[in-house]
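So for the sequence shown, our numbering puts the first residue at 4; every next one is plus one.
Backbone N, C-alpha and C fix where the C-beta goes; we use that ideal spot for every residue, glycine too.
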Amino acid sequence: MIRIRMTTPWQAVAAGLLAAPLVWGLAGCKKSEAPVAGPGSGATKGSGTESSSAGGLGVPAVGPAEPLLVAAHLGEKAHLQAPRGLAVDSSGNVFVADTGNFRVVKFDASGRETAVIGRKGSGPGEFESPWLPAVDGKGQLYVLDPRRGRVSIFGNDGKYLRKIGEGSGFYSPAGMAVAKDGAVAVADTGGNRVVVFGPDGQMRGEPIASTPQGKLIQPTDAAFDAKGNIYVIQPTGPNGKGTLYRFDPDGKYQTAWVITSVPSTTDTPRLAVGPDGRVYLSDIEHGRLIAYDPDGKKATPLTFAAGDMDRFRRIGNIAVDEKGRIFVMDVDAALVYRLEKPEAAAAQPQKAATLPPKPR
4 MIRIRMTTPW
14 QAVAAGLLAA
24 PLVWGLAGCK
34 KSEAPVAGPG
44 SGATKGSGTE
54 SSSAGGLGVP
64 AVGPAEPLLV
74 AAHLGEKAHL
84 QAPRGLAVDS
94 SGNVFVADTG
104 NFRVVKFDAS
114 GRETAVIGRK
124 GSGPGEFESP
134 WLPAVDGKGQ
144 LYVLDPRRGR
154 VSIFGNDGKY
164 LRKIGEGSGF
174 YSPAGMAVAK
184 DGAVAVADTG
194 GNRVVVFGPD
204 GQMRGEPIAS
214 TPQGKLIQPT
224 DAAFDAKGNI
234 YVIQPTGPNG
244 KGTLYRFDPD
254 GKYQTAWVIT
264 SVPSTTDTPR
274 LAVGPDGRVY
284 LSDIEHGRLI
294 AYDPDGKKAT
304 PLTFAAGDMD
314 RFRRIGNIAV
324 DEKGRIFVMD
334 VDAALVYRLE
344 KPEAAAAQPQ
354 KAATLPPKPR
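1) Anyone know if the C-beta pair for Ser171 and Asp148 falls short of 8 angstroms?
2) For Ser155, collect the residues of the same chain with a Cβ closer than 6 angstroms to its Cβ; drop the 5 residues on either side in sequence, then sort them by chain order.
3) Which of the three DSSP states, helix, strand or coil, is assigned to Glu346?
4) Buried or exposed: Arg122, going by 16 or more other Cβ atoms within 10 Å of its Cβ?
5) Once DSSP output is grouped into helix, strand and coil, what is the label at Asn320?
6) At a cut of 8 angstroms, does the segment 69–79 reach the segment 109–123 through at least three beta carbon pairs?
7) What is the residue span of the beta strand (DSSP E) that Arg291 lies within?
8) From this set, Glu288, Val276, Val99 and His289, which residue's C-alpha is nearest Pro297's C-alpha?
9) By Cβ distance, which residues of its chain are closer than 6 angstroms to Arg87, with the 5 residues on each side in sequence left out?
10) In its own chain, which residues sit with a C-beta less than 8 angstroms from the C-beta of Glu381, not counting the 5 before and 5 after it?
11) Given that a residue counts as buried once 16 or more other Cβ atoms are within 10 Å of its Cβ, and exposed if not, what is Pro222?
12) May I ask you to report which of helix, strand or coil DSSP gives Ala118?
13) Going by DSSP, what residue range makes up the beta strand (DSSP E) through Val146?
14) Compare the C-alpha of Gln84 against each of Glu129, Ala322 and Met332 and name the closest.
15) How would you label Arg151, buried or exposed, when you count the other beta carbons within 10 angstroms and need 16 or more for buried?
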């Protein structure tokens, strides 16, 4: 059992990170000194004119809720402060962006802390705001630092290797995904685009900045599927509706559908793709997850099988490992929860972890 309290309120730790509702004022990446406007203002850089219609986007049919069990949670004794993102590698290691402490903490599959990567600073291997980690097929760790406007890459031994993206003109990038082959997609939120880099670190073609429905508006996250297709989330857009897009590996539009999850003042919906192709979305307002089939024709709400937990307090990021287990970062609880189907959890030799007390 692992439980830990935040020692510093998120608002205090993240001062300077969250200055605007959607783009958060992470413009420390030096793209521009202009203020970043909130959603619906029409004042963000290069946003253009929103299309007046969703343009034939499908609305997924909602299926029966699928129960999941909280099989474990991670973070004990790590003294995490405002942890934002997480990633899981093929060995079951979990990497947590301990944003308030300017580092990434590595846990093994049993939840034991095994390494600390990075420190505060602006030099190689240092962070000003470690936001999201991701892992490629070789076990290399990628960390998005919005304030530096770059992605730092570390070997599976934790040693700093190189960086990509710095000088690409990022403006408050809020999301990142890494494919098995090392391709990287960065959701350049304030720049209203998604920039894709090849495994060599070079920009792959032109950024994704438009769709058949109009210009891309403040994308906040991206995810790769096993085929290299790129899913992109746009939390707000025409008529106030969010959209989930899918592009092929070259950035060509394939399909899109309407989503109901909307950003809160400090958080946005997050994406992850499972080994079976299901697309998982964090529903910020309701503190839960929604699973879509790869084409977005069906939506399945994910609920808790046991009655000891109703919802997550505040979802930071989500990840799915090769076994289909779902990992969720709860920022306010400073915990990483591992969710499994009840039958899968029952087959494990250990018992499901006791949950921390419900918030009053």
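Result, derived from the coordinates:
1) no
2) Val146 and Lys166
3) helix
4) exposed
5) strand
6) yes
7) Arg291 to Tyr295
8) Val276
9) Ala100, Thr102, Trp134 and Gly319
10) No answer is possible for residue 381: it lies beyond the span of the chain, which begins at 4 and ends at 363.
11) buried
12) strand
13) Leu144 to Asp148
14) Met332
15) buried
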